[in-house]
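Engineer: To start, I am sharing the structure in question, which I have written as structure tokens.
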Amino acid sequence: YDYRRDAFGDSWTDENPAPGGHNGCDTRNDILDRDLVDKSYVSIKRCPTAVATGLLHDPYTNAEVAFTRGEKTGAAVQIDHIVPLALAWDLGARFWTDDMRLRFANDPANLVAVAGGANQDKGDKEPATWMPPNTAFRCQYAIQFIAVLRGYALPIDAPSATALRDAASTCPTG
Numbered sequence: 191y192d193y194r195r196d197a198f199g200d201s202w203t204d205e206n207p208a209p210g211g212h213n214g215c216d217t218r219n220d221i222l223d224r225d226l227v228d229k230s231y232v233s234i235k236r237c238p239t240a241v242a243t244g245l246l247h248d249p250y251t252n253a254e255v256a257f258t259r260g261e262k263t264g265a266a267v268q269i270d271h272i273v274p275l276a277l278a279w280d281l282g283a284r285f286w287t288d289d290m291r292l293r294f295a296n297d298p299a300n301l302v303a304v305a306g307g308a309n310q311d312k313g314d315k316e317p318a319t320w321m322p323p324n325t326a327f328r329c330q331y332a333i334q335f336i337a338v339l340r341g342y343a344l345p346i347d348a349p350s351a352t353a354l355r356d357a358a359s360t361c362p363t364g
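Shown next as structure tokens:
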């Protein structure tokens, strides 16, 4: 069962069954609008209210990243799958319907805008081998990771379960 990225369909299509699908904007533009601040907008074919410029407070590194729509800026701000697609595939998504995989790939609960470099560093790594360098975000990262696993009934191995538990234990209480 070799991982097939194309089995998850077109990642950023608006034609998807996830929350926010069929709203007139593709998923990438939805997440940029949700996660960036100080935004200006432009109308493009895939989205009448696409973010033209904005600022990302990168949760993975705590860096501030300026976003300007255009050719090479996709590299500066990327949309990360919190539970990576290749990991989900290995954990059981390979047995899902195409529709379920398309939903997973476009589900806002599993997506976050991050600095491109941090996204490249993470790659398809699981929590046992990668956690956000910004330790203050590890609580939220773990909570979201666990919620996505639960929401899609995906298992996790013991080393990653321990890493997620340890990160969740840093959450503020009260």
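According to our numbering, the sequence shown is numbered sequentially starting from 191. Glycine included, every Cβ here is placed at the ideal spot set by N, Cα and C.
1. Identify whether T287 lies in helix, strand or coil by the three-state DSSP scheme.
2. Taking 7 Å as the threshold (C-beta atoms), are A332 and A358 in contact?
3. Is the number of C-beta pairs between the region 271-279 and the region 240-253 that are closer than 8 Å three or more?
4. In its own chain, which residues sit with a C-beta less than 7 Å from the C-beta of A253, not counting the 5 before and 5 after it?
5. Taking the alpha carbon of R259 as the point to measure from, which residue in I234, P322 and R194 has its own alpha carbon closest?
6. Report, in whole angstroms, the separation of the C-beta atoms of P207 and D289, which I expect to be a contact under 8 Å.
7. Does F335 pass the burial test, meaning 16 or more other C-beta atoms within 10 Å, or should it be called exposed?
8. Between which two residues does the beta strand (DSSP E) holding F257 run?
9. Span of the alpha helix (DSSP H) holding A343?
10. Can you look up A240 in the DSSP assignment and give me helix, strand or coil?
11. For a test of the three-state rule: what should DSSP assign to A348, helix, strand or coil?
12. For Y193 and A283, what's the separation of their Cα atoms in angstroms?
13. Since S230 sits in a beta bridge, which residues does DSSP pair it with?
14. Give the DSSP bridge partners of V273, in chain order.
15. So for A303, helix, strand or coil by DSSP?
16. Please report the residue range of the alpha helix (DSSP H) in which N219 lies.
17. Going by C-alpha distance, which of N296, F198, L281 and I269 is nearest D225?
18. Considering only C-alpha positions, which residue in the set F198, Y250 and G211 is nearest to R236?
Structural biologist: In this structure, then:
1. coil
2. yes
3. no
4. A305
5. I234
6. 6 Å
7. buried
8. E254 to T258
9. Segment: none, A343 is in no alpha helix (DSSP H) and carries neither H nor E.
10. strand
11. helix
12. 10 Å
13. T243
14. None, per the DSSP bridge assignment.
15. strand
16. T217 to D225
17. I269
18. G211
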